[in-house]
Each structure stands twice: as C-alpha cells, then as structure tokens.
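A.B. asks: Input: one structure, supplied below.
2 protein chains.
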Amino acid sequence: MKLNNLNDLLIHELKDIYSAEHQITKALPKMMKAASSDKLRAAFQEHLQVTEQQIKRLDKVFDIMGKKAEAEHCKAMEGIIKEADSMMSERADASVMDAALIASAQRVEHYEIAAYGTVCTYAKQLNMSDVLDLLVTTLEEEKATDQKLTSIAEGSINLKAEH
Amino acid sequence: MKLNNLNDLLIHELKDIYSAEHQITKALPKMMKAASSDKLRAAFQEHLQVTEQQIKRLDKVFDIMGKKAEAEHCKAMEGIIKEADSMMSERADASVMDAALIASAQRVEHYEIAAYGTVCTYAKQLNMSDVLDLLVTTLEEEKATDQKLTSIAEGSINLKAEH
Numbered sequence: 049m050k051l052n053n054l055n056d057l058l059i060h061e062l063k064d065i066y067s068a069e070h071q072i073t074k075a076l077p078k079m080m081k082a083a084s085s086d087k088l089r090a091a092f093q094e095h096l097q098v099t100e101q102q103i104k105r106l107d108k109v110f111d112i113m114g115k116k117a118e119a120e121h122c123k124a125m126e127g128i129i130k131e132a133d134s135m136m137s138e139r140a141d142a143s144v145m146d147a148a149l150i151a152s153a154q155r156v157e158h159y160e161i162a163a164y165g166t167v168c169t170y171a172k173q174l175n176m177s178d179v180l181d182l183l184v185t186t187l188e189e190e191k192a193t194d195q196k197l198t199s200i201a202e203g204s205i206n207l208k209a210e211h
Numbered sequence: 049m050k051l052n053n054l055n056d057l058l059i060h061e062l063k064d065i066y067s068a069e070h071q072i073t074k075a076l077p078k079m080m081k082a083a084s085s086d087k088l089r090a091a092f093q094e095h096l097q098v099t100e101q102q103i104k105r106l107d108k109v110f111d112i113m114g115k116k117a118e119a120e121h122c123k124a125m126e127g128i129i130k131e132a133d134s135m136m137s138e139r140a141d142a143s144v145m146d147a148a149l150i151a152s153a154q155r156v157e158h159y160e161i162a163a164y165g166t167v168c169t170y171a172k173q174l175n176m177s178d179v180l181d182l183l184v185t186t187l188e189e190e191k192a193t194d195q196k197l198t199s200i201a202e203g204s205i206n207l208k209a210e211h
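Sequence order for the protein chains is D and H.
The opening position of the first sequence corresponds to residue 49 in the numbering used here, with each subsequent residue numbered one higher.
The opening position of the second sequence corresponds to residue 49 in the numbering used here, with each subsequent residue numbered one higher.
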C-alpha cells in the first residue's frame, strides 16, 4: 500500500509502536530477573504495568481512527532488545549488571520518546485532538520513566558499580 | 571478559557507540539519496560531517583511557537502520517519504542521546573530566540535531505531507 499522506504515515508509525510496546512487555520480565537492586526491579515492574496501559491507549487511538489495532514488526525494537539480551548474557558483578540494565532500558525509553514524539507531531498537524491527548500522555510517561532510571543510576547503582 | 566495575562497563559501552557511529556514516548517504527536500538533504549531509568528527572524538576518548579504539557490533543500531531501510523501500509520495526519513533519523538520534547520556554519567561518576568534556560535546550535538530535525518537520515537511 502506497503512503499517500501524513495520515497514512501516522497509521504506519502507530503499527510500528504497537509492535514495539508488545516486544517490551516480553523483555521487561527478563530484565526484572536479571536485576539485583530491589529499587530497579520495582521500577521495571511498574514500567511493565505502565506499558500495558500504553497498549490499551494505542487500542483507543486505532479505534478513534477507525482502524483495526495491529502490529507491524518493529525491527528497531528487536535490535534494541537483542542488544539487551547480549548484555544480560555477559558475566558481570551484580551492581555492574544493574547499571548495564539501566543503560539498556534507557535506550528502549529513548526509542519510544522518538517514536511517540513523531506521532504526536503528526496528530497535531492533522488536528486530531483526541488522538493527540492519548499520545501525549504516553510520551510524558516515557520521559518520566527515563528520568526515574537516571535518578536510580545516579542515586545508588553507579556508585555501587564503581569499584 | 567479566565486567568487574563501572570502568569496564564504560569501555564496553564506548565500543557499542563506536560501532553505532560507523553504521550511521554508512546509512546517512542512503538517506540523503532518498530525500527530496533540499533542506533535509543538507541536514543529513551536515550530520554526516558531524558524525565523522564524533568518531574522531571517540578515538581521543579511547586514547585517554589507554585503550585501542575498537567497535563491538551494535545490534540496536543495526535494527534501527534495518527499519529505516524498510521504510525507504516503501512506496510513498515524496513529502511523505521525507517525513518518514525524519522519523527514522530521530530514532537514530535518540539512540545516541541515550547512549552518550549513559557514558557521560559513568565518566562523571569516575571523575574522568577530559573524557566527560569530549562526550558531553557530542551529546549536545546529538540533542541539537534532534531539535533541528523537529523544526524541519514542523516548519515545512509535515505540512507538505498532509494532503
């Protein structure tokens, strides 16, 4: 199907994000298992619940646009998660692994910040205020998660990993 | 090799970024060819030059740390570029393709913002001020590129792609 206009591209991007979110729900439990810090494990657990809500929000977006909610496999998220898997298979001290897990998770978050930032811009351009409200809510959540991970890293884990 | 401390992890992450930057220098010329907007093509051209400088800056970082500059294949950037390649193979109106190229490029930028953000945090924790200065310079360039792409999208391309 040819992409004729910004609306077509918005749907294309939403299918990519829908795939990315589903991939994240499968990756997070593995990252929880690999984490040693209780605080980090709790942050991943919380982000899993947030991600499930974000998927429901995407269902609503597809519904508003009169489209079936469907995923188009996101190769980028596949690569980001493959890299996280490689990291988890490395031998590392517990606190170093925690720092590495945060580094992986922040790459995931930044992919989502870029992707949701893009679709927010399209929805705004297309005057789709209901869609925009839903997507902005998720974008803000992703930014908050990224900041939370930074504060966990800087507040304790990187210090423990130093020596 | 076991990752025993934050210094080991910093080197590990730098090798990942070194690979990512080299992959980007190969992807940008393809994105330039696929772009129709002169402004966008010029932005990609400029970013290619900036990326080459960033690689030289990484060479300096490895040198300061007494390590050989080497890449460890970045699977995440491979995935992000694979997705950009898929997008470039789609049939799309010229302005819609330009918007899609910006979306792909911003995913690349955000990967780098996350990755350089991480290594800056480690260098700061390890009191490596010379390394930190070099990495912060690049981090700020990546953020500026991301903002420039947003302003090109919002200033002209998304409007052209609307209908």
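We treat Cβ as the ideally placed atom computed from N, Cα and C, and that holds for glycine.
1. Assign H:D235 to buried or exposed, taking buried as 16 or more other Cβ atoms, counted over all protein chains shown, within 10 Å of its Cβ.
2. Pull up the DSSP beta-bridge partners for D:L140, would you.
3. Does the CB of H:K50 have a neighbour CB from chain D at under 9 angstroms?
4. Are the Cβ atoms of H:D146 and H:A90 separated by less than 9 angstroms?
5. In chain D, which residues lie less than 7 angstroms from H:A68 when you measure between Cβ atoms?
6. Using a Cβ-Cβ cut-off of less than 9 angstroms, give me the residues of the region 162–180 of chain H that come near chain D, in sequence order.
7. Tell me which residues share the same chain as H:E69 and place their Cβ nearer than 7 angstroms to its Cβ, disregarding the 5 neighbours each side in the sequence.
8. If we define contact as Cβ-Cβ less than 9 angstroms, is D:I128 a contact residue for chain H?
9. Which residues in chain H have a C-beta closer than 7 angstroms to the C-beta of D:H158? List them in chain order.
10. For H:Q154, which residues in chain D fall below 8 angstroms Cβ to Cβ?
11. Does the beta-carbon of H:H211 have 16 or more other beta-carbons within 10 angstroms, so that it is buried, or is it exposed?
12. Is D:L58 helix, strand or coil by DSSP?
13. Taking the CB atoms as reference points, tell me whether D:L51 and H:E138 lie closer together than 9 angstroms.
14. What does the Cβ neighbour count give for D:G127, buried or exposed, with the cut at 16 atoms within 10 Å?
15. Which of the three DSSP states, helix, strand or coil, is assigned to D:C168?
16. If D:S67 sits next to D:H121, beta carbons under 8 angstroms apart, how far is it from one beta carbon to the other, in whole angstroms?
17. Rounded to a whole number of angstroms, what is the C-alpha to C-alpha distance between H:Y159 and H:N53?
18. Which residues of chain H have a Cβ atom closer than 9 angstroms to the Cβ of D:S199, listed in chain order?
19. What residue does the alpha helix (DSSP H) around D:S204 start on, and which one ends it?
20. Terminal residues of the continuous alpha helix (DSSP H) containing H:L83?
21. With 16 as the cutoff for other CB atoms within 10 Å, does D:A171 come out buried or exposed?
22. Entirely within the region 94–151 of chain D and at least 4 residues each: give me those alpha helix (DSSP H) ranges in chain order.
23. When DSSP labels each residue in this structure, what does H:M79 get in the three-state scheme?
24. On the three-state DSSP scale, how would you describe D:L174?
25. Identify each residue in the region 101–127 of chain D for which the Cβ-Cβ distance to at least one residue of chain H is less than 8 angstroms, and report them in chain order.
26. For H:K123 and D:E188, which I take to be in contact (beta-carbon distance under 8 angstroms), what is that distance rounded to the nearest angstrom?
27. Between D:Q93 and D:I129, which are expected to be in contact by the criterion C-beta below 8 angstroms, what is the C-beta distance as a whole number of angstroms?
28. Just to confirm my understanding: we take D:L149, look at its own chain, exclude 5 residues before and 5 after, and list those with CB closer than 7 angstroms. What are they?
29. H:I205 and H:S152 - do their beta-carbons sit closer together than 9 angstroms?
30. Taking Cβ positions only, does D:S204 come closer than 9 angstroms to chain H?
C.D. replies: Concretely, from the data shown:
1. Outside the shown range of chain H, which is 49 to 211, sits residue 235 of chain H, and nothing can be said about it.
2. On the first sequence, position 92 is the one that residue 140 of chain D refers to. Checking the sequence shown, residue 140 of chain D turns out to be Ala, not Leu. According to DSSP, D:A140 bridges with H:L51.
3. Here the question's residue 50 of chain H lines up with position 2 in the second sequence. It does: the Cβ of H:K50 has a partner Cβ on chain D nearer than 9 angstroms.
4. Along the second sequence, one-based indexing puts residue 146 of chain H at 98. Along the second sequence, one-based indexing puts residue 90 of chain H at 42. No.
5. One-based indexing of the second sequence puts residue 68 of chain H at position 20. Under the 7 angstroms cutoff, chain D gives no residues; its nearest Cβ is about 10 angstroms from H:A68.
6. A162, A163, G165, T166, V167, T169, Y170, K172, Q173, L174
7. Counting from 1 along the second sequence, the entry for residue 69 of chain H is found at position 21. The answer, listed in chain order, is T99, Q102, I103, L106.
8. As a working note, residue 128 of chain D is residue 80 in the first sequence. Yes, D:I128 counts as interfacial toward chain H.
9. The residue labelled residue 158 of chain D in the question sits at position 110 within the first sequence. Result: H158, Y159, I161, A162.
10. Here residue 154 of chain H is taken as the residue at index 106 of the second sequence, counted from 1. In chain order: A162, G165, T166.
11. Here residue 211 of chain H is taken as the residue at index 163 of the second sequence, counted from 1. Exposed: under 16 other Cβ atoms inside 10 Å.
12. As a working note, residue 58 of chain D is residue 10 in the first sequence. Reduced to three states, the DSSP call for D:L58 is helix.
13. What you label residue 51 of chain D is simply residue 3 of the first sequence in a count that begins at 1. What you label residue 138 of chain H is simply residue 90 of the second sequence in a count that begins at 1. Yes, they are a contact pair.
14. What you label residue 127 of chain D is simply residue 79 of the first sequence in a count that begins at 1. The residue is buried, with at least 16 neighbouring Cβ atoms inside 10 Å.
15. On the first sequence, position 120 is the one that residue 168 of chain D refers to. Three-state result, D:C168: helix.
16. Taking the first residue of the first sequence as position 1, residue 67 of chain D is located at position 19. Taking the first residue of the first sequence as position 1, residue 121 of chain D is located at position 73. Between D:H121 and D:S67 the Cβ distance is about 5 angstroms, and since that is below 8 angstroms, they are a contact.
17. Within the second sequence, numbered from 1, the residue matching residue 159 of chain H stands at position 111. Within the second sequence, numbered from 1, the residue matching residue 53 of chain H stands at position 5. Computed Cα separation, rounded: 24 angstroms.
18. Counted from its first residue, the first sequence places residue 199 of chain D at position 151. Correct list: empty, because the minimum Cβ distance to chain H is about 11 angstroms.
19. Residue 204 of chain D sits at position 156 when you count from the first residue of the first sequence. D:S204 -> no alpha helix (DSSP H), and no H or E assigned at all.
20. By one-based count along the second sequence, residue 83 of chain H stands at place 35. Contrary to the premise, residue 83 of chain H reads as Ala rather than Leu in this sequence. No alpha helix (DSSP H) holds H:A83; DSSP gives it neither H nor E.
21. As a first step, residue 171 of chain D must be located in the first sequence, where it is residue number 123. Per the 10 Å Cβ criterion, buried.
22. 123–136
23. As a first step, residue 79 of chain H is located in the second sequence; it is residue number 31 there, counting from the start. Reduced to three states, the DSSP call for H:M79 is helix.
24. As a working mapping, residue 174 of chain D is identified with position 126 in the first sequence. Note: D:L174 maps to coil in three-state DSSP.
25. C122, K123, A124, M125, E126, G127
26. Locating residue 123 of chain H in the second sequence gives position 75, counting from the first residue. Locating residue 188 of chain D in the first sequence gives position 140, counting from the first residue. Between D:E188 and H:K123 the Cβ distance is about 29 angstroms, and since that is not below 8 angstroms, they are no contact.
27. The residue you call residue 93 of chain D lines up with position 45 of the first sequence. The residue you call residue 129 of chain D lines up with position 81 of the first sequence. About 18 angstroms separates the two Cβ atoms, so there is no contact after all.
28. In the first sequence, residue 149 of chain D corresponds to position 101, counting from 1. Within the same chain, D:L149 has close Cβ partners M79, A82, A83, L88.
29. If you number the second sequence from 1, residue 152 of chain H lands on position 104. If you number the second sequence from 1, residue 205 of chain H lands on position 157. Contact: no.
30. Indexing the first sequence from 1 puts residue 204 of chain D at position 156. No, because no Cβ of chain H sits closer than 9 angstroms to the Cβ of D:S204.
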